[in-house]
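Protein chains: 2
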Amino acid sequence: MLDGGQAVMLPAEQLLQPATASSPLWVRLAAGLEDAIATGSLSPGARLEGEVSMSERLSLSRPTVRRAIQELVEKGLLVRRRGVGTQVVHGSVARQIDLTSLYDDLRRAGRVPSTRVLDVTLAQATPQIAEQLGLTSPVRVLKIRRVRFADAAPIAVLENYLPEAFADITAETLSNQGLYHELRARGVTLRVARQRIGARRATVDEGHLLDIGRGAPVLTMDRRAYDADGAAVEYGHHCYRPDLYGFEMTLVDR
Amino acid sequence: MLDGGQAVMLPAEQLLQPATASSPLWVRLAAGLEDAIATGSLSPGARLEGEVSMSERLSLSRPTVRRAIQELVEKGLLVRRRGVGTQVVHGSVARQIDLTSLYDDLRRAGRVPSTRVLDVTLAQATPQIAEQLGLTSPVRVLKIRRVRFADAAPIAVLENYLPEAFADITAETLSNQGLYHELRARGVTLRVARQRIGARRATVDEGHLLDIGRGAPVLTMDRRAYDADGAAVEYGHHCYRPDLYGFEMTLVDR
DNA sequence: CCCCGGATTATGTTAGGACATTTGAGGCGA
DNA sequence: TCGCCTCAAATGTCCTAACATAATCCGGGG
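Protein chains in written order, with this note's numbering: chain X, 9 to 262; chain G, 9 to 262.
Structure below.
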């Protein structure tokens, strides 16, 4: 076998990130492993040290080591096979779709995001919007319309609806940081989101905002995000310039 | 509190699916819980019985119960909060994107899928295709072109590339079942896939096959699927009619 | 009546052990 | 030399046990 004839054993200091951080042990181990993969200490195809051996060497319990490895398996970085071992997957790594905003996505990709807020208005909700937010019909909602730029090029038109409780969100706040960041700052923790990705022709308005021809194709994403209580917090309707943005994800068979 | 003032306690027989099935305990419990949610025995917002209580009542260990619940949390059906408990999420359930083929997707949605195989040819790989499959340049690959129908309406044009080892796949086989089914039948187990979803204008050819106007928007998906060994098995380039198909997924914050 | 602080309850983390199952490789025999 | 069989190694499943931590509830004191 070319790949991983011998199991790779990395020093404990490299695997376990600094003890100063008071995060769970398995998180620190997972971070250490992910780092080792990212920096090339563990190259694609390499066979990992066995769970039992690793737990003894690091003075951790096997469940803890297992939990860390499981994390990376679900991220698509490692593959485990019973009777064989754990290997680093081939191919270049792609980040998984997270419950994050486009703003964070772009920053991580090393691009410079900026936002132009078109309008922030409190208006009567249409029956459709009210239903998406799980509210009874005659209710007012905050409507936000923004254009997102990456390195000065317009890449998306964002339309978001929130319950009236968030009516004090200002256009200024949204210019500086993403909507999700602002929600988190208010103590709202988003837990689950359902989204649908599709495509259609751009409306005249969208075509103008995105600087593409009228009727040009756009990539769309509708998302409903829920609170920890299960209450709908946000309904978003986004559309992207397909030549500048796409959704990448890693699927893992379980 | 309106929702879940009292924890719901379902009978053991309902939660644990038949013992005849020799699947792992946590799988059977997870299936039982998922069933209870699907049938409405556990309605949205309902509070689940605590882990400890449930494990005692079912004569299972807490880690086993935890594993089952964890599964449904990752599927987006349940939400857990420390100090509070576990609740069924609100909103209608949407299936998560899996490592499955479009063929299986449609069958599960209750639609009748069918396939028209355009051509199956063994040809010299372009440098791009070879690179996607992780092969050195001068190599032949199997190229498959199909049109997928759902209830007699064309919804996708599928273009797949496979290593020469699969050259004996015939057009006839592909008419009866999906490509992934055929691969599994040959002992190939797909473990990881990376995909990118985007949009663009349909080519003249695609517009004709999908019965849409030329230049109409199509939803595209490029996927590379890897074997358990980490070897690239398939590279696919699909395009869908956006008015008939979209990608739905559930995101869970961890 | 309001506010604050403990008791309660629930999930989160970690440990340590035992056995089952799958896989690959090496050795033995025909 | 080829094929079968056994064995070792690795992950998968399952158990018991304890402590940590967050959130809520409730009662007492101001």
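For every residue, glycine included, the Cβ atom is placed at its ideal position computed from N, Cα and C.
Q.
Please confirm whether GLN14 of chain X has its beta-carbon closer than 8 Å to some beta-carbon of chain G.
A. Taking the first sequence and counting its residues from 1, one reaches residue 14 of chain X at position 6. Cβ-Cβ to chain G under 8 Å: no for GLN14 of chain X.
Q: Using three-state DSSP, classify SER69 of chain G as helix, strand or coil.
A: Within the second sequence, the letter at position 61 stands for residue 69 of chain G. In this structure, SER69 of chain G counts as coil in the three-state DSSP scheme.
Q.
Within the continuous beta strand (DSSP E) that includes LEU37 of chain X, where are the two ends?
A. As a working note, residue 37 of chain X is residue 29 in the first sequence. First-last for LEU37 of chain X: 33–47, but that is the alpha helix (DSSP H), not the beta strand (DSSP E).
Q | Residue from G:PRO32, G:GLY206, G:LEU18 whose Cα sits closest to the Cα of THR47 of chain G | A | Working through the second sequence from its first residue, we reach residue 47 of chain G at position 39. The candidate whose alpha carbon is nearest that of THR47 of chain G is G:LEU18.
Q) Is there a Cβ from chain X that is less than 8 Å from the Cβ of ARG202 of chain G? A) As a first step, residue 202 of chain G is located in the second sequence; it is residue number 194 there, counting from the start. Chain X, which has a Cβ nearer than 8 Å to the Cβ of ARG202 of chain G, makes this yes.
**Q.** 6 Å Cβ shell around VAL101 of chain X - same chain, five flanking residues per side excluded
**A.** Along the first sequence, one-based indexing puts residue 101 of chain X at 93. Legend: pLDDT at VAL101 of chain X = 48, less than 50; position of this residue unreliable, value from coordinates given subsequently. Excluding positions up to five away in sequence, the list is empty.
**Q.** Per-residue contacts from TYR234 of chain X into chain G (C-beta, under 9 Å)
**A.** To locate residue 234 of chain X, count along the first sequence from 1; it is residue 226. Within chain G, the residues near TYR234 of chain X are VAL87, VAL97, HIS98, GLY99.
Q. Nearest chain G C-beta to PHE255 of chain X closer than 8 Å, yes or no?
A. The sequence position of residue 255 of chain X within the first sequence is 247, counting from 1. Interface residue, yes.
(Q) I'd like to know if the segment 185–192 of chain X and the segment 23–38 of chain G are in contact, where contact means that at least 3 CB-CB pairs between them fall below 8 Å. (A) no
Q) What is the residue span of the beta strand (DSSP E) that ILE163 of chain X lies within? A) Taking the first sequence and counting its residues from 1, one reaches residue 163 of chain X at position 155. Segment 161–171, the beta strand (DSSP E) holding ILE163 of chain X.
Q: Just tell me which of G:TYR234, G:PRO52, G:CYS247, G:GLY195 has its CA closest to the CA of VAL16 of chain G.
A: In the second sequence, the residue the question calls residue 16 of chain G occupies position 8. Minimum Cα distance to VAL16 of chain G is reached at G:PRO52.
Q) Can you round the beta-carbon distance between GLN78 of chain G and ALA44 of chain G to whole angstroms, since I take them to be within the 8 Å contact cut? A) Walking along the second sequence from the start, residue 78 of chain G turns up at place 70. Walking along the second sequence from the start, residue 44 of chain G turns up at place 36. Going by Cβ atoms, the distance from GLN78 of chain G to ALA44 of chain G rounds to 17 Å, so no, they are not a contact pair.
(Q) Looking at the strands, I want to know which residues DSSP matches up with TYR276 of chain G. (A) In the structure as shown, chain G begins at 9 and stops at 262. Residue 276 of chain G is therefore absent and cannot be evaluated.
Q | Helix, strand or coil at HIS98 of chain G [DSSP, three-state] | A | Here residue 98 of chain G refers to the residue found at position 90 of the second sequence. Coil, per DSSP.
Q. Alpha helix (DSSP H) containing ALA15 of chain X: first to last residue?
A. Locating residue 15 of chain X in the first sequence gives position 7, where the first residue counts as 1. First-last for ALA15 of chain X: undefined, no H or E at that position.
Q) Would ARG232 of chain G be called buried (16 or more neighbouring beta carbons within 10 Å of its own) or exposed? A) As a first step, residue 232 of chain G must be located in the second sequence, where it is residue number 224. Per the 10 Å Cβ criterion, buried.
Q: Could you list which residues in chain X have their beta carbon closer than 9 Å to that of THR258 of chain G, in chain order?
A: Within the second sequence, residue 258 of chain G is the residue found at index 250, counting from 1. Residues of chain X passing the Cβ test: VAL200, ALA201, ARG202, GLN203.
**Q.** Distance, THR211 of chain G Cα to LEU263 of chain X Cα
**A.** Residue 263 of chain X lies beyond the range of chain X shown here (9 to 262); nothing can be said about it.
Q.
Going by C-alpha to C-alpha distance, which of G:PRO225, G:ALA239, G:GLY206 sits closest to ARG249 of chain G?
A. Translated into the one-based positions of the second sequence, residue 249 of chain G becomes position 241. Minimum Cα distance to ARG249 of chain G is reached at G:PRO225.
Q | LEU166 of chain X to LEU259 of chain X span [Cα, whole Å] | A | On the first sequence, residue 166 of chain X is found 158 positions in, with the first residue counted as 1. On the first sequence, residue 259 of chain X is found 251 positions in, with the first residue counted as 1. Cα to Cα, LEU166 of chain X sits roughly 27 Å from LEU259 of chain X.
Q) Exposed or buried, what is GLU214 of chain G when buried is set at 16 or more other beta-carbons lying within 10 Å of its beta-carbon? A) Locating residue 214 of chain G in the second sequence gives position 206, where the first residue counts as 1. When all chains shown are included, GLU214 of chain G counts as buried.
(Q) Any beta carbon from chain X within less than 8 Å of LEU252 of chain G's own beta carbon? (A) The residue you call residue 252 of chain G lines up with position 244 of the second sequence. No, its Cβ sits nowhere closer than 8 Å to a Cβ of chain X.
Q) Is VAL226 of chain X close to chain G, meaning its C-beta is less than 8 Å from at least one C-beta of that chain? A) Here the question's residue 226 of chain X lines up with position 218 in the first sequence. Answer yes: the Cβ-Cβ gap between VAL226 of chain X and chain G drops below 8 Å somewhere.
Q. Is there at least one Cβ from chain G nearer than 8 Å to GLY93 of chain X's Cβ?
A. Along the first sequence, one-based indexing puts residue 93 of chain X at 85. Judged by the 8 Å Cβ criterion, GLY93 of chain X is not in contact with chain G.
Q) So, does the CB of GLY186 of chain X fall closer than 8 Å to a CB anywhere in chain G? A) Taking the first residue of the first sequence as 1, we reach residue 186 of chain X at position 178. Closer than 8 Å: no.
(Q) Less than 8 Å between CB atoms is the rule here; does GLY215 of chain G satisfy it with respect to chain X? (A) Along the second sequence, one-based indexing puts residue 215 of chain G at 207. No, GLY215 of chain G does not count as interfacial toward chain X.
Q) Roughly how many whole angstroms lie between the Cα atoms of HIS216 of chain G and GLY223 of chain G? A) Within the second sequence, residue 216 of chain G is the residue found at index 208, counting from 1. Within the second sequence, residue 223 of chain G is the residue found at index 215, counting from 1. Whole-angstrom Cα-Cα distance: 10 Å.
Q. How would you label GLU242 of chain G, buried or exposed, when you count the other beta carbons within 10 angstroms and need 16 or more for buried?
A. Start at 1 with the first residue of the second sequence, and residue 242 of chain G comes out as number 234. With 16 or more other Cβ atoms within 10 Å, it is buried.
Q. Which residues does DSSP pair with LYS83 of chain G in a beta bridge?
A. As a position in the second sequence, residue 83 of chain G is number 75, starting the count at 1. Paired residues: none, contrary to the question.
Q.
the ligand HEM and GLN185 of chain G: does the residue's C-beta get closer than 7 Å to at least one heavy atom of that ligand?
A. Here there are no bound small molecules, and the ligand HEM is not part of this structure.
Q) Taking the alpha-carbon positions, what's the LEU182 of chain X to PRO71 of chain X distance? A) Stepping through the first sequence from its first residue, residue 182 of chain X is reached at position 174. Stepping through the first sequence from its first residue, residue 71 of chain X is reached at position 63. If I take the Cα positions, the gap works out to 43 Å.
Q) In terms of alpha-carbon separation, which member of G:VAL73, G:TYR169, G:ASP159 lies closest to TYR234 of chain G? A) By 1-based counting over the second sequence, the position of residue 234 of chain G is 226. When each option's Cα is compared against that of TYR234 of chain G, the closest is G:TYR169.
**Q.** Partner residues on chain G for ARG263 of chain X, Cβ-Cβ distance less than 7 Å
**A.** Residue 263 of chain X lies beyond the residue range present for chain X, which begins at 9 and ends at 262; the question has no answer from this structure.
Q. Could one say the Cβ of ASP261 of chain X lies closer than 8 Å to chain G's Cβ atoms, at least one of them?
A. Indexing the first sequence from 1 puts residue 261 of chain X at position 253. Output row for ASP261 of chain X: interface = yes.
Q) Cβ of PRO52 of chain X less than 8 Å from any chain G Cβ? A) Translated into positions along the first sequence, residue 52 of chain X becomes position 44. Yes, contact with chain G.
**Q.** Residues from the segment 128–148 of chain G in contact with chain X, defined by Cβ distance under 7 Å
**A.** GLY142
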